[in-house]
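Peer 1: I'd like to ask some things about the structure below.
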Amino acid sequence: MRGPLERRLARAWFRPEPPAWPVRVLARGLAPLLRRRGRRPQARPPVPVVVVGNLVVGGTGKTPVVAALAEALGEAGRRVGIVSRGYGGIEPTRPMIVDDATPASACGDEPRELRLRTGCPVFVCARRDRALEAAVAAGCDAVLSDDGLQHRALPRSLELCLFDGRRGLGNGEVLPAGPLRQPMDRLDEVDHVLVRAPREAEGLPEDAREFRLRAEGLRRFAGEGGQGVPEPPSVVDAVAGIARPESFFETLSSLGFGLRRHPLPDHAPIPDALLRGLAGPVVVTAKDAARLDGPQREDLYVLDVRAELPAEVRSRVVDHVLQFGR
Numbered sequence: 004m005r006g007p008l009e010r011r012l013a014r015a016w017f018r019p020e021p022p023a024w025p026v027r028v029l030a031r032g033l034a035p036l037l038r039r040r041g042r043r044p045q046a047r048p049p050v051p052v053v054v055v056g057n058l059v060v061g062g063t064g065k066t067p068v069v070a071a072l073a074e075a076l077g078e079a080g081r082r083v084g085i086v087s088r089g090y091g092g093i094e095p096t097r098p099m100i101v102d103d104a105t106p107a108s109a110c111g112d113e114p115r116e117l118r119l120r121t122g123c124p125v126f127v128c129a130r131r132d133r134a135l136e137a138a139v140a141a142g143c144d145a146v147l148s149d150d151g152l153q154h155r156a157l158p159r160s161l162e163l164c165l166f167d168g169r170r171g172l173g174n175g176e177v178l179p180a181g182p183l184r185q186p187m188d189r190l191d192e193v194d195h196v197l198v199r200a201p202r203e204a205e206g207l208p209e210d211a212r213e214f215r216l217r218a219e220g221l222r223r224f225a226g227e228g229g230q231g232v233p234e235p236p237s238v239v240d241a242v243a244g245i246a247r248p249e250s251f252f253e254t255l256s257s258l259g260f261g262l263r264r265h266p267l268p269d270h271a272p273i274p275d276a277l278l279r280g281l282a283g284p285v286v287v288t289a290k291d292a293a294r295l296d297g298p299q300r301e302d303l304y305v306l307d308v309r310a311e312l313p314a315e316v317r318s319r320v321v322d323h324v325l326q327f328g329r
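So in our numbering, spot 143 of the sequence shown is number 146, and the numbers just go up one at a time.
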């Protein structure tokens with residue numbers, strides 16, 4: 004049911020027609036509550052905490068941005084920790100430390116992806132403030148939060164809010180009439196607003212800076228043997244269980260691959276029967292790869308992407324972390 008429901012809501016939220024008036028009235032009645040509950044907390048964290056979040060439901064590129072900031076702060080000499088709720092896992096009430104062997108079924112796909120990608124310690128907890136405490140106790144002197152803009156229990160020193168440049172704000176309504184988690188005036192409290200290029204949708208903040216996701220090419224899912232990495236114009240089976248599978252398909256198409264497309268709901272596991280039945284070669288996202296436990300098949304490949312941030316924003320985040328507490 005989840006896949007059809009997600010698609011139905013997306014069609015309703017991102018079409019030009021306004022939602023039905025009863026839902027619109029309900030949403031506008033809830034807006035003041037969402038505004039109050041989502042205000043930026045004023046508590047000061049013990050170490051610099053950078054939250055990478057969004058206002059619009061769905062994918063905006065948060066995980067690649069967190070990975071890029073982790074790399075930048077690591078190069079600046081900081082011991083970076085990453086905190087996450089662990090959506091798609093068991094969402095523990097006590098902090099879980101993610102290591103290379105922790106399955107996505109326990110910690111969630113994005114925390115596992117971030118661990119494998121950055122090598123940083125990742126702390127998962129339904130209460131991000133408790134995950135922060137665990138990160139500080141482990142010796143981390145800078146913390147990144149993957150999502151959590153609306154998590155008031157988590158103290159933070161810097162906020163980044165991301166938007167998708169194609170999807171934009173949808174119909175501009177708050178939940179449940181539209182895709183906004185909070186009213187747009189929440190941006191008044193955010194330090195940096197970033198839009199994932201290309202910037203095509205209307206209504207996005209005019210002062211937002213653009214960032215891009217660049218494909219780094221295909222890699223084998225596991226091992227070095229077996230078939231060679233496919234090259235364009237090969238035809239591949241593209242499988243994606245992310246918020247916007249179309250973005251993954253578009254990237255592969257732009258690289259010159261022919262596609263057989265297999266979209267799945269966000270965070271959905273890839274059924275073994277589906278993988279076995281594909282002609283191949285098969286290409287998945289890094290997020291999907293984090294949910295797979297074994298090699299599955301020899302012709303399974305992963306498309307890695309990298310967030311390219313504006314130099315000014317990158318340097319401001321690093322400077323903020325280095326100057327925190329001085």
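Ideal Cβ positions, reconstructed from N, Cα and C, are used throughout, including at glycine.
1. Using the C-alpha atoms, what's the distance from G80 back to R5?
2. Please state whether DSSP places T96 in a helix, a strand or coil.
3. Just to confirm my understanding: we take D112, look at its own chain, exclude 5 residues before and 5 after, and list those with CB closer than 7 Å. What are they?
4. For P51, which residues in the same chain have their Cβ closer than 6 Å to its Cβ, ignoring the five residues on either side in sequence?
5. Under three-state DSSP, which class holds A140?
6. Since L85 sits in a beta bridge, which residues does DSSP pair it with?
7. Out of A70, A241, P179, V28, point me to the one whose CA is closest to A310's CA.
8. Hey, how far is the Cα of S318 from the Cα of L312?
9. In this structure, how does DSSP classify R18 when only helix, strand and coil are distinguished?
10. Quick one: what does DSSP say R40 is sitting in, helix, strand or coil?
11. Is the region 127 to 146 in contact with the region 258 to 268, if contact means three or more CB pairs nearer than 8 Å?
12. Whole angstroms are fine: how far does the CA of F166 sit from the CA of P2?
13. For L197, list the residues DSSP reports as bridge partners.
14. Among residues of its own chain, excluding the 5 on either side of V83, which ones have a beta-carbon nearer than 7 Å to its beta-carbon?
15. State the start and end residues of the unbroken alpha helix (DSSP H) segment that holds V324.
16. Helix, strand or coil for E203, going by three-state DSSP, please let me know.
17. Would you say L152 and G56 are within 8 Å of each other, going by their C-beta atoms?
Peer 2: Let's see:
1. For this step, residue 5 is matched to residue 2 along the sequence shown. For this step, residue 80 is matched to residue 77 along the sequence shown. Confidence at R5 is low in this model, with a pLDDT of 48, below 50, so its placement is unreliable and the value that follows should be read with caution. Approximately 43 Å between the Cα atoms of the pair.
2. In the sequence shown, counting from the first residue as 1, residue 96 sits at position 93. The answer is coil: DSSP assigns T96 none of H, G, I, E or B.
3. Numbered from its first residue, the sequence shown carries residue 112 at position 109. Once the five neighbours on either side are set aside, the close Cβ partners of D112 are G91, H270, K290, A293, R294.
4. Numbered from 1 along the sequence shown, position 48 holds the residue referred to as residue 51. Once the five neighbours on either side are set aside, the close Cβ partners of P51 are A145, S160, V324, F327.
5. Counting from one through the sequence shown, the residue named residue 140 turns up at place 137. It is helical.
6. Taking the first residue of the sequence shown as position 1, residue 85 is located at position 82. In the sequence on display, residue 85 carries Ile and not Leu. In the DSSP output, where bridge partners are listed per residue, I85 has V125, L147.
7. On the sequence shown, position 307 is the one that residue 310 refers to. Cα-wise, what sits closest to A310 is A70.
8. The count along the sequence shown starts at 1 and reaches residue 318 at position 315. The count along the sequence shown starts at 1 and reaches residue 312 at position 309. C-alpha separation (whole angstroms): 10 Å.
9. Your numbering for residue 18 matches position 15 in the sequence shown. Assignment of R18 by DSSP, reduced to helix, strand and coil, places it in the coil class.
10. To locate residue 40, count along the sequence shown from 1; it is residue 37. Helix at R40.
11. Counting Cβ pairs under 8 Å, fewer than three are found: no touch.
12. Nothing about residue 2 can be reported from this structure: the residues present for the chain run from 4 to 329 only.
13. Your numbering for residue 197 matches position 194 in the sequence shown. Its beta-bridge partners are L165, R212.
14. Position 80 of the sequence shown holds residue 83. If we look at V83 and ignore the five residues flanking it on each side, its Cβ neighbours are A73, L76, G77, C123, C143, A145, L147.
15. What you label residue 324 is simply residue 321 of the sequence shown in a count that begins at 1. Bounds of the alpha helix (DSSP H) holding V324 are 314 to 326.
16. By 1-based counting over the sequence shown, the position of residue 203 is 200. Coil at E203, not helix or strand.
17. On the sequence shown, position 149 is the one that residue 152 refers to. On the sequence shown, position 53 is the one that residue 56 refers to. Yes, the Cβ-Cβ distance between L152 and G56 is below 8 Å.
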